[in-house]
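Just so you know, we're using my numbering here: the sequence shown kicks off at 42 and counts up by one.
Just below is one structure, and these are the notes that go with it.
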Amino acid sequence: MPVFQMQQEVRFQHCDPAAIVFYPRYFEMINLTVEEWFGSGLGWGFHRMHEVDDRGIPTARIKVEFHAPSRLGDVLDWSLAVKRMGSSSLDVEILASCAGEPRLTCRSTLVQFVKSTGKPVAWPEELKAKMSEFGA
Numbered sequence: 042m043p044v045f046q047m048q049q050e051v052r053f054q055h056c057d058p059a060a061i062v063f064y065p066r067y068f069e070m071i072n073l074t075v076e077e078w079f080g081s082g083l084g085w086g087f088h089r090m091h092e093v094d095d096r097g098i099p100t101a102r103i104k105v106e107f108h109a110p111s112r113l114g115d116v117l118d119w120s121l122a123v124k125r126m127g128s129s130s131l132d133v134e135i136l137a138s139c140a141g142e143p144r145l146t147c148r149s150t151l152v153q154f155v156k157s158t159g160k161p162v163a164w165p166e167e168l169k170a171k172m173s174e175f176g177a
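Listed below in structure tokens is the structure:
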């Protein structure tokens with residue numbers, strides 16, 4: 042099954058005084074992975090999504106398991122796979138590793154909604170087809 046992949050170097054801004062990633066910063070990296078997937082993987086970047094199309098994809102549920110610490114200078118390999126597609130929601134699995142060593146596993150549910158009304162809205166068929174290329 043194809044997955045979306047990207048890399049991110051651990052920078053000083055991500056670390057605590059011990060020079061390891063401060064765990065809340067991982068959530069920013071997870072969100073960056075989702076944002077990059079929508080932009081480069083699906084062709085629907087967050088600027089267009091939020092500012093032009095009046096849509097958003099807030100996280101409805103997230104579960105993260107941390108396997109090993111990441112340190113300043115590590116290059117993390119991120120992957121995203123679609124596990125389930127609903128009419129307006131989506132379950133994804135996001136993995137991070139460094140040199141083949143697992144660092145975290147994230148399972149998250151995203152829901153598409155109309156920003157101006159706050160109501161969930163179905164994924165466009167064209168977008169669903171692109172999403173299905175990355176899993177379910």
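Beta carbons are placed, not taken as given, at the ideal position from N, Cα and C, and that holds for glycine.
Computed from a prediction, not measured in an experiment: that's the story for all the values here.
Using only alpha-carbon positions, find the residue among the options that is nearest to residue i.
i	options	result
VAL75	LEU121, VAL62, ARG52 and LEU168	LEU121
VAL105	HIS91, PRO65 and VAL116	PRO65
GLY114	PRO143, CYS139 and VAL44	CYS139
TRP85	LYS171, PHE175 and GLY176	LYS171
LYS169	SER149, GLY159, LYS124 and GLU142	LYS124
Under the three-state reduction of DSSP, which class applies to residue i: helix, strand or coil?
i	result
THR158	coil
TRP119	strand
LEU168	helix
PHE175	coil
GLY80	helix
Give me, in chain order, the residues of the same chain whose beta-carbon lies closer than 6 Å to that of residue i; leave out the 5 immediate sequence neighbours on both sides.
i	result
LEU131	LEU151
CYS8	The displayed coordinates of the chain run from 42 to 177. Any statement about residue 8 would go beyond what the structure contains.
MET47	GLU77 and TRP119
LEU83	LYS171
If we count the other Cβ atoms within 10 Å of its Cβ and call it buried at 16 or more, is residue i buried or exposed?
i	result
VAL93	exposed
PHE79	buried
ALA137	buried
GLU77	buried
SER81	exposed
SER173	exposed
Using a Cβ-Cβ cut-off of 7 Å (strictly less than) and excluding sequence neighbours within five positions of residue i, which residues of its own chain qualify?
i	result
SER111	VAL51, ILE61, VAL62, LEU117, CYS139 and ARG144
Give me, in chain order, the residues of the same chain whose beta-carbon lies closer than 8 Å to that of residue i; leave out the 5 immediate sequence neighbours on both sides.
i	result
HIS91	GLY97 and LYS156
Sequence ranges, alpha helix (DSSP H) only - wholly within the segment 42-66, length at least 4: none
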